[in-house]
Structure formats: C-alpha cells, structure tokens
Amino acid sequence: MLSKVLSRPATPEDIPLISALHDRVFGPGRFARTAYRVREQKGTGAEISRFCRLAASDDNRLIAALRMSEISIGGKKGAILLGPLVVAPEYAGQGYGRALVTEVIEAAKAAGLKLMVLVGDEPYYGRFGFKPVAPGTITFPGPVNPQRILALELESGALASFSGQISGR
Ligand SMILES: CC(C)(COP(=O)(O)OP(=O)(O)OC[C@H]1O[C@@H](n2cnc3c(N)ncnc32)[C@H](O)[C@@H]1OP(=O)(O)O)[C@@H](O)C(=O)NCCC(=O)NCCS
C-alpha cells in the first residue's frame, strides 16, 4: 500500500532529517548558502521558525522541507525569508514544492507579515507571484546574485516600504 503524505509544521526534532536531506541534495557546500548565514544571526544556526514546513510519509520519510526565517530589512520587521526549499529527488516534479510554498504564503499572510523574500529561480517562483527586486534595494549579509533576489508582496504595495540589508534579528 502506498503511504500517505502529510504536510505539517516542522519541529526541532525534525532538524536531523531536514539536514540529511539538505546534505543529499545540496552537498557539503550548503553552509555557504546565504539563507544559512541569515539563520546563524539568530544564534544557533539551526532554529526552526513557526513557518517552517515539511511533507513526510506516514512512516516518517521526509519528502520535502521548506525553511523559513523571520527577518528584518533595513531594521524593519514584517518580512520573511523563504529557503532553502528542498524536495527529495525521487519525489521531484510531483507538486510537493508547490504545495509547501503555497501553504507558507497563506500562513504568512494570515500572520500579518508584509513581504516574502527569496534567492532563487524566477521561472519557478514566478508562478506564486514572486517578482525580481530592483538591484540594490534589498541586500543580503552574504554574496548573492542580485538578479535572483525575488519578493512577493503579502500586502499590496509592501515592497515600497522595505529597503536595506536583511538581518535574521
Ligand atoms: C526546485 C524544487 C524545489 C521544485 O520542487 P518540486 O516539488 O520538484 O516542483 P513542483 O512539483 O512543485 O513543480 C514542478 C514544476 O516546476 C518546474 N520547475 C522545477 N524546478 C524549476 C526551476 N528551477 N526553474 C523553473 N521551473 C522549475 C517543473 O518543470 C514543473 O513545471 P510544470 O508544473 O510546468 O510541469 C525541487 O525540484 C528541488 O528541491 N530541487 C533541488 C534543490 C533546489 O534547487 N532548490 C531550490 C533552491 S532553494
């Protein structure tokens, strides 16, 4: 029988499973990713925010994980950083990535957050409404390709009120 897939908020107990999936998909260079640097600013480097989600089978095999970090931009709160999103290769292209992203967008809106930011592929994230940010408007504490900085307004017009460097604090 096929096991059922459940999507749920991630908990600190899920960190080893999520880290193992990141290792498998991204390899050992993953700590250089800027999303990890932003989380390091929070203290432990391994924090799970209330918005992190995962999809797992009912026998607890991890299928997809989406890390989310609440951030400030230029000292202003109300924004959230998406990433990394990782789907186990054998489950890619089956809608798990799309489902998790859709769920966190809804949750962030419901919580009153204003802006979601990520570094990623516009052809993938454009389908959720993410758009490129004008280069130089929003900057990261690590090296990122400015062409890949995308933002989604969770509240209409929010992008205009955020500029400056992203911080995990
Ligand atoms: C990229 C990734 C997150 C997508 O998740 P997924 O569950 O496989 O994708 P979904 O099933 O939600 O969506 C599939 C669709 O996205 C498209 N797609 C997948 N990756 C894409 C990319 N990088 N750019 C553009 N489109 C992409 C597929 O072609 C497919 O298109 P279709 O719906 O028109 O057929 C996943 O494949 C993955 O983990 N890849 C390796 C890690 C990675 O690159 N993560 C992103 C950086 S944070």
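Take the sequence shown: its position 55, counting from 1, is numbered 57 in this note's numbering, and each next residue is one higher. Even glycine gets a Cβ: it sits at the ideal position worked out from N, Cα and C. All values reported here derive from a predicted model rather than from experimental measurement.
With hydrogens ignored, establish whether the beta-carbon of Asp-123 is closer than 7 Å to any heavy atom of ligand 1. yes
Neighbourhood of Tyr-93 by C-beta distance below 6 Å, restricted to the same chain and skipping five residues each side: Ile-65
State yes or no: is the C-beta of Val-146 nearer than 7 Å to some heavy atom of ligand 1? no
Nearest-angstrom Cα distance between Gly-47 and Ser-158? Confidence is the limiting factor: at Gly-47 the pLDDT is only 49, short of 50, which leaves the residue's position unreliable and the question unanswerable from this model.
Please state whether the Cβ-Cβ distance between Ser-74 and Ser-165 is less than 8 Å. no
Could you round the C-beta distance between Phe-53 and Val-89 to whole angstroms and report it? I think they count as a contact, below 8 Å. About 18 Å separates the two Cβ atoms, so there is no contact after all.
So is Lys-79 buried or exposed if we call it buried at 16+ other beta carbons inside 10 Å? exposed
Beta-bridge pairing of Leu-83 - partner residues as DSSP gives them: Ser-71, Val-119
Which ranges would you report for the alpha helix (DSSP H) in the region 121 to 151 if only whole runs of at least 4 residues count? 124 to 127
Limits of the alpha helix (DSSP H) - the one that Ser-21 falls within: 17 to 28
Where the beta strand (DSSP E) containing Ile-168 begins and where it ends: 166 to 169
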